[in-house]
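One structure below.
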Amino acid sequence: MMARIPGRISAGCNGLIVGAVALGVLTLGLGALPAADPLTTGLHELDAGVAAPSVRTTLKQQVAADQQRRLRAANDRSSAEWSKITTRAGWESFRQARVEALRAALGTWPAAPKTVPVQVSATRQRDGYQIENLLYESRPGWWVSANLYVPAKPGAAMPGILISHAHHTPKEQGELQDMGALWARAGCLVLVPDHPGHGERRQHPFASAKDYNQSFAVSRQDYYFRYDNALELDLVGESLMGWMAWDLMRGVDVLLARKGIDPKRIILLGAVAGGGDPAAVAGALDERIAVVGPFNFGGPQPETRYPLPADAEKTFNYAGGGSWESTRNLRRSAADGFLPWVIVGSVAPRRLIYGHEFSWDRAHDPVWKRLETIHAFYKTPENLAFTHGKGGLQGRPPEATHCTHIGAPHRRLIYEAFKKWFAIPPGVEENLTRLPSEQLKCWSPELIRTLKPQQLSDLLPRLAAERSAAVRKERAPLAHEEQLRAWRTDLTRLLGSSTPAKNPQAQRSEAKEPALPGVTIERYLLTAEPGMVVPLLLLRPAQKAPGVVVLVAQAGKQALLRERADEIAALLEGGLAVCLPDVRETGETASGTGRGRRSSATAHSATEMMLGGTMLGAQLRDLRTVLAWLRSRPELDSHRLAVWGDSLAPVNAPGTNFKIPRDDDAALPRGPEPLGGLLALLAGVYEDDLRAVCLRGGLSSYRSVLAPPPIVLPHDAVIPGLLARGDLADVAALLAPRPVRLQGMVDGFNRRVENEALARDYQVTKQAYGKNADKLDLKGDGSSARWL
Numbered sequence: 000m001m002a003r004i005p006g007r008i009s010a011g012c013n014g015l016i017v018g019a020v021a022l023g024v025l026t027l028g029l030g031a032l033p034a035a036d037p038l039t040t041g042l043h044e045l046d047a048g049v050a051a052p053s054v055r056t057t058l059k060q061q062v063a064a065d066q067q068r069r070l071r072a073a074n075d076r077s078s079a080e081w082s083k084i085t086t087r088a089g090w091e092s093f094r095q096a097r098v099e100a101l102r103a104a105l106g107t108w109p110a111a112p113k114t115v116p117v118q119v120s121a122t123r124q125r126d127g128y129q130i131e132n133l134l135y136e137s138r139p140g141w142w143v144s145a146n147l148y149v150p151a152k153p154g155a156a157m158p159g160i161l162i163s164h165a166h167h168t169p170k171e172q173g174e175l176q177d178m179g180a181l182w183a184r185a186g187c188l189v190l191v192p193d194h195p196g197h198g199e200r201r202q203h204p205f206a207s208a209k210d211y212n213q214s215f216a217v218s219r220q221d222y223y224f225r226y227d228n229a230l231e232l233d234l235v236g237e238s239l240m241g242w243m244a245w246d247l248m249r250g251v252d253v254l255l256a257r258k259g260i261d262p263k264r265i266i267l268l269g270a271v272a273g274g275g276d277p278a279a280v281a282g283a284l285d286e287r288i289a290v291v292g293p294f295n296f297g298g299p300q301p302e303t304r305y306p307l308p309a310d311a312e313k314t315f316n317y318a319g320g321g322s323w324e325s326t327r328n329l330r331r332s333a334a335d336g337f338l339p340w341v342i343v344g345s346v347a348p349r350r351l352i353y354g355h356e357f358s359w360d361r362a363h364d365p366v367w368k369r370l371e372t373i374h375a376f377y378k379t380p381e382n383l384a385f386t387h388g389k390g391g392l393q394g395r396p397p398e399a400t401h402c403t404h405i406g407a408p409h410r411r412l413i414y415e416a417f418k419k420w421f422a423i424p425p426g427v428e429e430n431l432t433r434l435p436s437e438q439l440k441c442w443s444p445e446l447i448r449t450l451k452p453q454q455l456s457d458l459l460p461r462l463a464a465e466r467s468a469a470v471r472k473e474r475a476p477l478a479h480e481e482q483l484r485a486w487r488t489d490l491t492r493l494l495g496s497s498t499p500a501k502n503p504q505a506q507r508s509e510a511k512e513p514a515l516p517g518v519t520i521e522r523y524l525l526t527a528e529p530g531m532v533v534p535l536l537l538l539r540p541a542q543k544a545p546g547v548v549v550l551v552a553q554a555g556k557q558a559l560l561r562e563r564a565d566e567i568a569a570l571l572e573g574g575l576a577v578c579l580p581d582v583r584e585t586g587e588t589a590s591g592t593g594r595g596r597r598s599s600a601t602a603h604s605a606t607e608m609m610l611g612g613t614m615l616g617a618q619l620r621d622l623r624t625v626l627a628w629l630r631s632r633p634e635l636d637s638h639r640l641a642v643w644g645d646s647l648a649p650v651n652a653p654g655t656n657f658k659i660p661r662d663d664d665a666a667l668p669r670g671p672e673p674l675g676g677l678l679a680l681l682a683g684v685y686e687d688d689l690r691a692v693c694l695r696g697g698l699s700s701y702r703s704v705l706a707p708p709p710i711v712l713p714h715d716a717v718i719p720g721l722l723a724r725g726d727l728a729d730v731a732a733l734l735a736p737r738p739v740r741l742q743g744m745v746d747g748f749n750r751r752v753e754n755e756a757l758a759r760d761y762q763v764t765k766q767a768y769g770k771n772a773d774k775l776d777l778k779g780d781g782s783s784a785r786w787l
């Protein structure tokens, strides 16, 4: 297999060549590479574009178009299933399967505690009620700060009201105080907890304007950092929604433990912006809750056209779409059918208040019609109520009823429902006085020392270590092939299907190519699946039936030619063909240039999770299709295939400051771009005939991401749940004894990982290679082309 390159072999490389032959990899005998030569220069200047100008826009929009098609299919499938339900039994069968799928998608649910530890830190006496500042432990070390509003004269059978606040502000905000006071005076216990990441539970250091030396949106940081909290939880197989719902359910425990509570009158209200989401989910999962009132969830949203079209039953987007706001696009929701309307409908026959912040087109709302039908199955139409405001999102008060949580206009119809159902008297809105937020804080320095509250950056690494250690112990007795099969099953479940297309077809461009010495240039549009095209460049040397190195990176083939021209030239002159594909959302197919929280890349990644896969899994499917196509080419040697995954992202310096607010992603330090390395590693797991795998600038471990925010790892680089099974070192171990090279690896904050640290992280990989340790290169010194 060895290919000698005239004029490129130095006198000191013979030992290297002998070692490479012994490895049986794609072999180059390279000495010092010149800074430039005609081939290197030609590659550097080569236009890597494949698609004609008229097709380029289509390539950039193909992911969005494909996802919209699949979301429409999910909507149609759900509507078709709904149309067949004509009885209560049919609905309950439909509902049960989807609620179980919802529960499974949200993460691992621990056993509910027999008692929930509660600490009261202060009590505030008010006119007709009192406020207890309390803490309750929903998970070991995970404390929830909350305010409990208690009637001055508690009754013998009091209703309990739990309020899920919006993403705007935490528990101390004025509307929340108003509701606590109004309903406590009416004889109810009212619990208002902080959601994970909010208020006293924030997971970032930006609580006031003094916490950063430049101006920033102080009140929005809890909301923005939800993105980071969600990604951290995703990595260990959990979800932000799951943890929010669990905390609310433990809040129900706190209410039920109070003397004088009526267990048949537990009410959960979810506020307008992000509070209705976890309220609806918790209500669907916890049947102890007698009334659920989620705002802006399940049906038309503030952004939805008003009024609705007459054909809304057919055209309404029941599934929604992906964005960085993880509570609004639940993983697998479109794939498994637990669309928001199903979650809200699952509350029946219990009572529901269907809430909208602005004007509501009741006559054409298809979800409302479905809710009415569901309650008709139970003969409980009286258990269905609604509330709404007026105007629209773009309007101004008083014409538009904007609120932070649940405003006075929205409460009026809630009062009517509470009076009808539970004889709770309407609240008196006048003469409400509010406390300064500091008086509603729950944590004191003494309680912090005593209770030792944990952050996600404390809990999740430990949780990941415990879960992955259990998996490793369970699989330790298995033979290598059995472990490989088990991991393939795991990865398919985590990533979604990566099965390549059968007999993939490619259309070759007939454009006149520039002359490159000794190299043939071929351009193709490869159909990976209907509506999804991978543009690729195939560079073939003059040698007959050459082996092939596939180079892939997030930046795409044009950037690889520009930045790796010397290495690509070395591969070609060594008698190896080079294939440069732009898998979906890379290079020529990228929908945008941004990679941050608000980017189209993040939205597409979130949508893919709703649809049951991941963007990384889809990109792996593209790469495997490229490999299948290369094997079908008779002029190439299908027995000599290697994948080189690269990153061209500049690394952050060791002293880089990451304590930056999340106002603007552009202000954050550069994130890593590990896609190329991840695809190379995963291709090695699934493709037994790959002769070698090379990672350059890849992510060293997902565990390194579990540190205090911000998270700079791109959303689409996450493998949800991988850390509950192991880490990238475990995946690399599966490739033994094939040659694997790791060069210039980075951590989750895009900082270079030194060789000693990398060796420690990859102990499990080294153990798997055992006597074949020479085939595992963790130092990555010198040219990767030379290594191949």
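343 is the number that numbering that gives the first Met the number 0 gives to position 344 of the sequence shown; each next residue is one higher, with no gaps. The beta-carbon is built from N, C-alpha and C at its ideal position, and this holds for glycine as well.
query, result
"Buried versus exposed, by CB contacts within 10 Å (16 or more), Val49", "buried"
"For Gly390, three-class secondary structure by DSSP", "coil"
"Cβ neighbours of Leu45 in the same chain (closer than 6 angstroms, five flanking residues each side left out)", "Leu560"
"Residue closest to Met531, alpha-carbon to alpha-carbon, out of Lys556, Gln742 and Ala63", "Ala63"
"Gly654: first and last residue of the uninterrupted alpha helix (DSSP H) it sits in", "Run containing Gly654: none; DSSP gives neither H nor E here."
"Helix, strand or coil at Gln542 according to DSSP, with G and I counted as helix", "coil"
"Extent of the continuous beta strand (DSSP E) to which Ala121 belongs", "Val117 to Arg125"
"Counterpart residues of Arg522 in DSSP-defined beta bridges", "Leu536"
"Cα-Cα separation, Phe296 to Val280", "10 angstroms"
"Segment contact, 8 angstroms Cβ cut-off, at least three pairs: the region 712–726 with the region 605–622", "yes"
"Nearest to Gly743 (by Cα), restricted to the options Ala731, Ala732 and Leu757", "Leu757"
"Counted within 10 angstroms of its Cβ, other Cβ atoms place Leu640 as buried (16 or more) or exposed", "buried"
"Val533 and Asp489 closer than 8 angstroms at C-beta", "no"
"Rounded separation between Gly127 and Ala151 - CA only", "5 angstroms"
"Ile265 - partner residues in DSSP beta bridges", "Gly159"
"Residues bridged to Ala576 (per DSSP)", "Val547"
"6 angstroms CB neighbourhood of Glu131 in its chain, flanking five on each side removed", "Val119, Thr122 and Leu147"
"Contact check, Gly320 vs Leu70, beta carbons under 8 angstroms", "yes"
"8 angstroms Cβ cutoff met for Pro529 and Gly574", "no"
"Residue nearest to Asp726 in terms of C-alpha spacing, selected from Tyr761, Ala180 and His194", "Tyr761"
"Cut-off 6 angstroms between Cβ atoms - residues of its own chain near Ala463, not counting five sequence neighbours on either side", "Val235 and Leu722"
"Status (buried if at least 16 other CB within 10 Å, exposed otherwise) for Thr386", "buried"
"Contact set for Arg225: own chain, Cβ-Cβ below 6 angstroms, skip 5 residues either direction", "Gly196"
"Which listed residue (Asn316, Gln176 and Leu254) has its alpha carbon closest to that of Asp75", "Asn316"
"Residue span of the alpha helix (DSSP H) that contains Ala244, given as start and end", "Leu239 to Leu255"
"Cα-Cα separation between Ala602 and Lys418, rounded to whole angstroms", "42 angstroms"
"Residues near Asp621 in its chain [Cβ-Cβ closer than 6 angstroms; skip 5 each side]", "Ala527, Val533, Val582 and Arg583"
"Arg751, DSSP secondary structure in three states", "strand"
"Endpoints, alpha helix (DSSP H) assigned at Asp645", "Asp645 -> not in any alpha helix (DSSP H); beta strand (DSSP E) instead, spanning Leu640 to Asp645."
"Those runs of the alpha helix (DSSP H) which lie wholly inside the region 446–487 and span at least 4 residues", "455–474"
"At least three beta-carbon pairs within less than 8 angstroms, the region 153–166 to the region 244–258", "yes"
"Boundaries (first-last residue) of the alpha helix (DSSP H) holding Gly179", "Gly173 to Arg184"
"Straight-line gap, Asp776 to Pro503 (C-alpha atoms, nearest Å)", "33 angstroms"
"For Gln553, three-class secondary structure by DSSP", "coil"
"Assigned exposure category for Leu438 - 16 Cβ within 10 Å defines buried", "For the record, residue 438 in the displayed sequence is Gln; it is not Leu. Exposed, because fewer than 16 other Cβ atoms sit within 10 Å of the Cβ of Gln438."
"Nearest-angstrom Cα separation, counted from Met178 out to Pro424", "13 angstroms"
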